[in-house]
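Written below as structure tokens is the structure these notes are about.
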Amino acid sequence: MRISLKYLLLVAPAALMIAVLFLYPLGFSLIAAFTRDAHEFTFDHFRKVYSLYSGDILFTLIIVLISVALLALISITLSAVITLSPCRPIVRTLAFLYRLPLFIPFIVAAQMMRTFLAKNGLMNNALVSADLLTPLETVSWLGWKGIIITFVWKQLAFATLLICGAMAALDQPQILAARNLGASRPRILFDIILPQVLPAIGVALVLSTVTMMSVLSVPMMIGTGTPTMITVDMAFRVNSYSDYAVANALGVVSLLICGALSWFYLRHSLRQKGGEA
60 MRISLKYLLL
70 VAPAALMIAV
80 LFLYPLGFSL
90 IAAFTRDAHE
100 FTFDHFRKVY
110 SLYSGDILFT
120 LIIVLISVAL
130 LALISITLSA
140 VITLSPCRPI
150 VRTLAFLYRL
160 PLFIPFIVAA
170 QMMRTFLAKN
180 GLMNNALVSA
190 DLLTPLETVS
200 WLGWKGIIIT
210 FVWKQLAFAT
220 LLICGAMAAL
230 DQPQILAARN
240 LGASRPRILF
250 DIILPQVLPA
260 IGVALVLSTV
270 TMMSVLSVPM
280 MIGTGTPTMI
290 TVDMAFRVNS
300 YSDYAVANAL
310 GVVSLLICGA
320 LSWFYLRHSL
330 RQKGGEA
């Protein structure tokens, strides 16, 4: 009994912080999304969300799915090169370069990409200086393309760090045995490494999805009007109309999207562990 009380006292401060800073705001937002001013249950806020922002919800989902697909492709490729490449200078260079975005805040990344991808930005100026384009042929990459590029570039360091770490933690005798038997590097990657690091890939992509769904600065600074992402709509409802109910309803929609993707990953992960057991 005394030991249980001691453990309870150790856990109590952390549990209290979670309850106050996470569970209470979450519960308050959920209640506000489903109630009127008179605390009556209603779906009116969600009807308004559907009528006004259904296009933005679809736009958000498409942007996030494309970003996650590109992020998976590039981060797995980088991790495979770092893990399997025999050229150590290339490995050290890639290991240094991919970590750079890890320490840059999203708002700074958005400003950098806005300067880089604009019609008169650094990228187009470099192409014009190299005589690859004329000033009249340059186009702006701001908008949905810029949002995807920024999301992928910013989350690439995080995803690659998790996946590369999982690959480095594998038993090297398996890889060495496959090489001795004549297996090529692509076959080692797809038949030996990837099946064992799928949980790490899933964690990296799910956490990146949640991060992309919650960022306000990137779509606000790089977006070019409508459609836009849910976070911008939430900020607009609060700042322009003080309409917290509809903003909370948009938050519930965002929560459902993230929850559905997380549930899909957890279901697949548990099924895989059950099969291994």
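Per the working numbering, the very first residue in the sequence shown carries number 60; after that it's consecutive.
The beta carbon of each residue, even a glycine, is placed where N, CA and C say it ideally should be.
Where does residue i fall in DSSP's three states?
i: residue 101; result: coil
i: residue 94; result: strand
i: residue 268; result: helix
i: residue 38; result: In the structure displayed, the chain extends from 60 to 336; residue 38 sits before or after that span and is not available.
i: residue 119; result: helix
i: residue 283; result: coil
i: residue 243; result: coil
i: residue 220; result: helix
i: residue 250; result: helix
i: residue 229; result: coil
Could you tell me the alpha carbon to alpha carbon distance between residue i and residue j, rounded to whole angstroms?
i: residue 216; j: residue 131; result: 12 Å
i: residue 273; j: residue 290; result: 7 Å
i: residue 278; j: residue 163; result: 17 Å
i: residue 317; j: residue 268; result: 7 Å
i: residue 321; j: residue 265; result: 6 Å
i: residue 241; j: residue 230; result: 18 Å
i: residue 153; j: residue 221; result: 15 Å
i: residue 133; j: residue 191; result: 26 Å
i: residue 251; j: residue 262; result: 19 Å
i: residue 89; j: residue 311; result: 7 Å
i: residue 235; j: residue 243; result: 11 Å
i: residue 293; j: residue 63; result: 44 Å
i: residue 325; j: residue 86; result: 23 Å
i: residue 260; j: residue 254; result: 10 Å
i: residue 79; j: residue 144; result: 48 Å
Quick check on this structure: which residue in the options has the alpha carbon closest to the alpha carbon of residue i?
i: residue 108; options: 323, 290, 179 and 309; result: 309
i: residue 257; options: 275, 224 and 208; result: 224
i: residue 196; options: 204, 183 and 203; result: 183
i: residue 200; options: 92, 282 and 87; result: 282
i: residue 169; options: 208, 198 and 323; result: 208
i: residue 19; options: 148, 151, 72 and 212; result: Coverage of the chain is limited to positions 60 through 336, which leaves residue 19 absent and any answer about it impossible.
i: residue 245; options: 140, 82 and 79; result: 140
i: residue 206; options: 172, 226, 187 and 102; result: 172
With a CB to CB cut of under 7 Å and the five nearest residues on each side skipped, what residues in its chain are close to residue i?
i: residue 157; result: 137, 215, 216 and 219
i: residue 181; result: 174 and 175
i: residue 286; result: 114, 115 and 118
i: residue 123; result: 268, 271 and 272
i: residue 91; result: 303, 304 and 307
i: residue 202; result: 282 and 283
Among the residues of its own chain, which have a CB less than 6 Å from the CB of residue i, if the five just before and after it don't count?
i: residue 228; result: none
i: residue 276; result: 165, 166 and 169
Looking only at its own chain, which residues have a Cβ that is under 8 Å from the Cβ of residue i, when we skip the five neighbours before and after it?
i: residue 77; result: none
i: residue 238; result: 247
i: residue 149; result: 140
i: residue 187; result: 193, 194 and 197
Given 6 Å as the limit, tell me if residue i has its C-beta closer than that to any heavy atom belonging to the ligand ATP.
i: residue 231; result: With respect to the ligand ATP, the structure offers nothing, as it holds no ligand at all.
(request) Let me know the alpha helix (DSSP H) ranges lying completely inside the stretch 139-212, each 4 residues or longer, listed in chain order. (result) With a minimum length of 4 residues, the continuous alpha helix (DSSP H) runs that stay inside the stretch 139-212 are 147-156, 165-176 and 181-188.
(message) Ignoring anything shorter than 4 residues, give me the alpha helix (DSSP H) runs that lie fully in the stretch 286-329, in order along the chain.
(response) Secondary structure within the stretch 286-329: the alpha helix (DSSP H) runs of 4 or more consecutive residues, fully enclosed, are 289-300 (chain order).
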